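Enquirer:
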Amino acid sequence: MNCNILVNGVNDIINILTLLISCQDGRPFIFLGYHVLTLVYGSFYAEAFIGVNIGTDLSDMPSPTQVVALLKAQNVWHVRLYDADRAMLLALANSGIQVTISVPNEQLLGIGQSNATAANWVARNVIAHVPATNITAIAVGSEVLTALPNAAPVLVSALKLIHSALVASNLDSQIKVSTPHSSSIILDSFPPSQAFFNRSWDPVMVPLLKFLQSTGSYLMLNVYPYYDYMQSNNVIPLDYALFRPLPPNKEAVDANTLLHYTNVFDAIVDAAYFSMSYLNITNVPIVVTESGWPSKGDSSEPDATVDNANTYNSNLIKHVINNTGTPKHPGIAVSTYIYELYNEDLRPSPLSEKNWGLFDANGTPVYILHLTAAGTVFANDTTNQTFCVAKDGADPKMLQAALDWACGPGKVDCSPLLQGQPCYEPDNVVSHSTYAFNAYFQQMGKSTGTCDFKGVATISTTDPNIDLRTLLIGAGHGSCIFPGSFGKNGTITNGTSLAPSSNDTSLGCPTQYFYGSCSFTTSVIIGSFLMTAVFL
C-alpha cells in the first residue's frame, strides 16, 4: 500500500485518519498540503524555517560559545555545520538550536565503503552528543556529483550506512540523512516543467531519491540565483534574481503549466520538483541547504554589493517564513539555510567568496537586514531595543511637517493614527509623530540618519509603547502597538529615501494627520505629492 499522499485541501485531511488506520506496517508517510503541514515520521512541521550555515575559514574565528551566543541573540534556531566539530556541538548542547552536521567530502570514500567506519563516525559525532545537542540531520558530503565526482559511486552507500548506524541506535526517526546538491545538476531549468536531472547521474540519483523516499528524508538543494544571474549574460533581470516586485508582463511564465514565476529562487526549486517527478518521485520535499548573495566582489562582479546582498537575503527570509511555497506547490514549506553566518576571509579568490556572511568575525552585522521587530530571525540590530521618538519641547509645526513627510513620501503606514484606530489616542502631534518617526526608523533598519527629521526626533532605548499604555490605561485604550515593540512588526517597505535632514528648511502643509491652524483642503494624494516636492 502507498503510504505517501499529497493533500490538496483541508477536506483531504480526512484521508490522514484513513491512512493512519490502514498503514499498520509501521512505514513512514509524508503529508504535504497547502496548509504547510508536513508529517515525516510522526514529526509535524507547521511552517518553514530559516537557518544559517556556519563556515570556519576565518583568520579570527569566534569561539563556539561566542557563535552560539550570536545565534541566540539573532533568534536563529537552525544551523548547518560543514563538519561535526566536537567543541561546537558541545557549545550547542541544551541551546534549543536544531543542528545539521556534515560528513566532509574527504571522509566520504572511507564511510561509503565500510560499515564499521560509518558506525564509528555516528558513534563519535552523533551518539556522543544527543540528546543534549539536538542533531536533526546529517548532510553526507557536499555537492558530491559536481565537486567530487569520483566519489559518486559510493554516495548512496554512504547514506545507507550512516542511516543503518542511526537505526541501530534508534535515532533514525529523529535524524534524517541526505546530501546537498548543486542546482547545476538540473538541466534546462526553465521552464521548470521541462527541467530534468543530468541523465548521466541517473545511476546515482534514482537510488538516492528512492532512499530519501523510503526513509522520510528530503532533497537537499543549494540554490544561488546570484550565479544564475551572473552567468545569464543579462538574460535574467537583476530584479528577478533579488525577489523585487515585477509587473505582471515581466513575470516569467511556464508555457506548459501557465505558472507565473516572480523570482529565480522559486523557478529553481520547482525545476527540482519537476526533475524528481520525471523519475517518478513526487513525495520527497526540498530543503534549501544554501542560498545567499555576496556583499562585495572584484571588478568583474559589479552586482556583489551590500545593497543587493541585503535586498536578496531580506526578501528571501520574508519569502520563506511567510510560507509562500512555490508556484508548483504553493503554501508548502521550503525551509532554507542562509549562506552564511560569517564572512570567511580565508576563502580563495574571487573576492566575493570571502563576502557571503551576514556578520564579521566580531559579530558586527555586515548590513542591517530589512527586517524589523524583536523576535524575528536575523533582526540583527545589535543595539537591541532602540526607538525613534519626538524630542521633548520640539516645535509643533516642525513635528507636523515631519509627520506629514513620514506618512507621505516616507511610506509609513499611518492608518493606525486615524480616528477610531488603535493609535489615534492620545490625539496630539507629539504622540502621532512619535509613532510615525519610529515606524520609519524601524522599517529603514534603524540605519544612520533615519531618526533626525530636521532635529525634532531622537533615538531612545525606552519603549514608547510603554509610555503610551501608561497615558491611556485610565481611558480604556492601550491596544496600539508601536513597530519594534513587543515583537510586533510595522509595515515593511524597501524605500530608499531618507528622512528629512537638519539642512532641509522646508515645511509642509498637513494631510489628515494635522494639528494646527491650517485647514484640511487637499486630498491625501495631492498632499503626498506636495510633501515629496518640498522634502526630497
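Take any residue in the sequence shown, note its place counting from 1, add 1163, and you have its number in the numbering used here.
A virtual CB, placed ideally from N, CA and C, is assigned to each residue, including glycine.
In this text, all values refer to a predicted model and were calculated from it rather than measured experimentally.
Going along the chain, which unbroken runs of the alpha helix (DSSP H) with 4 or more residues stay wholly within the segment 1229-1310?
Expert: Here the runs fully enclosed are 1249-1254, 1271-1275, 1278-1285 and 1307-1310.
Enquirer: Do the segment 1329-1343 and the segment 1413-1433 make contact, defined as three or more Cβ pairs closer than 8 angstroms?
Expert: Touching, no, given that fewer than three Cβ pairs across the two stretches are closer than 8 angstroms.
Enquirer: Sort 1453, 1273 and 1525 by Cα distance to residue 1739 and report the nearest one.
Expert: Any question about residue 1739 goes unanswered here, given that the chain covers just 1164 to 1699.
Enquirer: Measuring alpha carbon to alpha carbon, tell me which residue in 1498, 1332 and 1312 is nearest residue 1261.
Expert: Cα-wise, what sits closest to residue 1261 is 1498.
Enquirer: State the start and end residues of the unbroken beta strand (DSSP E) segment that holds residue 1452.
Expert: 1449-1454 is the extent of the beta strand (DSSP E) around residue 1452.
Enquirer: Grab me the residues of residue 1503's own chain with a C-beta within less than 6 angstroms of its C-beta, minus the 5 sequence neighbours each way, in chain order.
Expert: Excluding sequence neighbours, residue 1503 sits near 1216, 1218, 1519 and 1520.
Enquirer: What number of angstroms, rounded off, separates the C-alpha of residue 1327 from the C-alpha of residue 1279?
Expert: Roughly 11 angstroms separates the two Cα atoms.
Enquirer: Along the chain, where does the beta strand (DSSP E) that runs through residue 1500 open and close?
Expert: Residue 1500 -> beta strand (DSSP E) spans 1499-1501.
Enquirer: Are residue 1599 and residue 1565 touching if we call contact CB-CB under 9 angstroms?
Expert: Taking 9 angstroms as the Cβ cut-off, residue 1599 and residue 1565 qualify as a contacting pair.
Enquirer: Report the residue ranges of all beta strand (DSSP E) runs contained in full by the segment 1310-1368; include only those spanning at least 3 residues, in chain order.
Expert: Within the segment 1310-1368, the complete beta strand (DSSP E) runs of at least 3 residues are 1339-1341 and 1343-1345.
Enquirer: State the DSSP-derived secondary structure class of residue 1479, mapped to helix, strand or coil.
Expert: Helix at residue 1479.
Enquirer: Between residue 1322 and residue 1372, how many whole angstroms is the CB-CB distance? I'm expecting something under 8 angstroms.
Expert: Residue 1322 to residue 1372, Cβ: 11 angstroms. No contact.
Enquirer: State the DSSP-derived secondary structure class of residue 1431, mapped to helix, strand or coil.
Expert: Of the three classes helix, strand and coil, the one that applies to residue 1431 here is helix, per DSSP.
Enquirer: Run the CB neighbour count on residue 1391, radius 10 Å, all protein chains shown included, and call it buried at 16 or more, exposed below.
Expert: Answer is buried; the Cβ neighbour count reaches 16.
Enquirer: Can you tell me the Cα-Cα spacing of residue 1573 and residue 1313, whole angstroms?
Expert: Approximately 56 angstroms, taken between the alpha carbons.
Enquirer: Comparing C-alpha positions only, which one of 1606, 1560, 1437 and 1385 sits nearest to residue 1243?
Expert: The option with the nearest alpha carbon to residue 1243 is 1385.
Enquirer: With 16 as the cutoff for other CB atoms within 10 Å, does residue 1452 come out buried or exposed?
Expert: With 16 or more Cβ atoms within 10 Å of its Cβ, residue 1452 is classed as buried.
Enquirer: Note down the Cα distance separating residue 1389 from residue 1616, rounded to an integer number of angstroms.
Expert: Near 36 angstroms, if we compare the C-alpha coordinates of residue 1616 and residue 1389.
Enquirer: Is it true that the CB of residue 1522 sits closer than 9 angstroms to the CB of residue 1505?
Expert: Yes.
Enquirer: Span of the beta strand (DSSP E) holding residue 1383?
Expert: Here the beta strand (DSSP E) through residue 1383 covers 1382-1385.
Enquirer: Check the C-beta distance from residue 1435 over to residue 1456 and give it rounded, since I have them as a contact under 8 angstroms.
Expert: 20 angstroms between Cβ atoms; not a contact.
Enquirer: With DSSP run on the structure shown, which of helix, strand or coil describes residue 1473?
Expert: Helix, per DSSP.
Enquirer: Would you check if the segment 1400-1407 and the segment 1328-1340 touch, i.e. whether three or more CB-CB distances between them fall below 8 angstroms?
Expert: Counting Cβ pairs under 8 angstroms, fewer than three are found: no touch.
Enquirer: What three-state label does DSSP hand residue 1663 in the structure shown?
Expert: The pLDDT assigned to residue 1663 is 49, lower than 50, so where the model puts this residue is not dependable; a value taken from the coordinates is nonetheless given after this. Of the three classes helix, strand and coil, the one that applies to residue 1663 here is coil, per DSSP.
Enquirer: Compute the Euclidean distance between the alpha carbons of residue 1256 and residue 1250, then round it to the nearest angstrom.
Expert: C-alpha separation (whole angstroms): 10 angstroms.
Enquirer: Can you have a look at residue 1540 and say buried or exposed, based on whether 16 or more other CB atoms are within 10 angstroms of its CB?
Expert: Under this definition residue 1540 is a buried residue.
Enquirer: Span of the alpha helix (DSSP H) holding residue 1623?
Expert: First-last for residue 1623: 1620-1623, but that is the beta strand (DSSP E), not the alpha helix (DSSP H).
Enquirer: Pull up the distance between the alpha-carbon of residue 1444 and that of residue 1607, whole angstroms please.
Expert: Cα to Cα, residue 1444 sits roughly 44 angstroms from residue 1607.
Enquirer: Taking residue 1368 as the reference, give the member of 1348, 1377, 1330 and 1267 with the closest Cα.
Expert: When only C-alpha atoms are compared, the closest one is 1348.
Enquirer: Output needed for residue 1454: all residues of its chain with C-beta closer than 8 angstroms, excluding positions within five of it in sequence on either side, in chain order.
Expert: The residues are 1385, 1386, 1387, 1388, 1428, 1479, 1499, 1500, 1501 and 1502.
Enquirer: Rounding to the nearest angstrom, what Cα-Cα distance links residue 1318 and residue 1645 in this structure?
Expert: Answer to the nearest angstrom: the Cα atoms are 52 angstroms apart.
Enquirer: On the CB-based measure, 16 or more other CB atoms within 10 Å of its CB, does residue 1377 come out buried or exposed?
Expert: Label assigned to residue 1377: exposed.
Enquirer: Quick check on DSSP: helix, strand or coil for residue 1595?
Expert: Helix.
Enquirer: Give the DSSP-derived three-state secondary structure of residue 1211 in the structure shown.
Expert: Correct three-state label for residue 1211: coil.
Enquirer: To the nearest angstrom, how far is the alpha carbon of residue 1704 from that of residue 1324?
Expert: Because the chain spans 1164 through 1699 in this model, residue 1704 falls outside it and cannot be assessed.
Enquirer: Work out the CA separation of residue 1298 and residue 1289 for me, nearest whole Å.
Expert: Their backbone Cα atoms lie some 7 angstroms apart in a straight line.
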